[in-house]
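Participant: In the UniProt record's numbering, the protein residues as written are 1 to 216.
(1) Rank 160, 152 and 189 by C-alpha distance to the C-alpha of residue 176 and give the top, closest one.
(2) With DSSP run on the structure shown, which of helix, strand or coil describes residue 196?
(3) Give the secondary structure of residue 21 by DSSP, where H, G and I count as helix, E and B as strand, and everything else as coil.
(4) Whole beta strand (DSSP E) runs in the stretch 53-98 with 3 or more residues, listed along the chain?
(5) Unbroken alpha helix (DSSP H) runs of length 4 or more, entirely within the stretch 152-199: which are they?
(6) Would you report the Cα separation of residue 93 and residue 128, rounded to the nearest angstrom?
(7) Give, in chain order, every unbroken run of the alpha helix (DSSP H) that is at least 4 residues long and sits entirely within the stretch 97-156.
(8) Going by DSSP, what residue range makes up the alpha helix (DSSP H) through residue 206?
(9) Would you identify the three-state DSSP class for residue 51, choosing helix, strand or coil?
(10) Can the beta-carbon of residue 39 be found closer than 9 Å to that of residue 84?
(11) Would you give the residue range spanned by the beta strand (DSSP E) that residue 34 belongs to?
(12) Sort out for me which residues DSSP pairs residue 3 with in a bridge.
See the structure below:
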């Protein structure tokens, strides 16, 4: 199984500048691929395209030849889950952590059996304002994994965390995805981090076929 972008272009309107220009990449199941580039380069927009949260203006994004989207008939969530940098914006402040995780449809016994290094049991009955930023990011990662994705797009997920918290979170995440054979696209401006966690690292500028020309 492969998550693939083929000559993907995106802009917000017909007269707006291109945000993503001719990007092609592929992530195989079980592979961790790093995507490096500076802030404002279009990496987060590409992340949304890969997760099916926006449609390319041109080109294709596929998972085994099909667009990434939930299968509502079979009650299967999107095979590509996206986790953002700002975890506090991705959870309902009125829901306890347990309810946030249950949103995936996972039964309580599955939630209770989560790896304690990823989500310590003490967090389950707390509200988002009662946990740290690093703990909130662990919750959003666990929610994504409970959806049983084939691919995870991790967009600057540890950019706001201290080095120790960052290392611990990546250790937990990599253990989880390797156990399930989940492919990961790790997006970051931090090249040393990507070198440490990824099997291979791509440079966003090198992927943009039309970066210099500016047009398809």
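Beta carbons: idealized from backbone N, C-alpha and C, even for Gly.
Facilitator: So, from the data block:
(1) 152
(2) helix
(3) strand
(4) 58-63 and 80-83
(5) 163-180 and 191-197
(6) 6 Å
(7) 97-102, 108-112 and 133-146
(8) 204-207
(9) coil
(10) no
(11) 32-36
(12) 27 and 63
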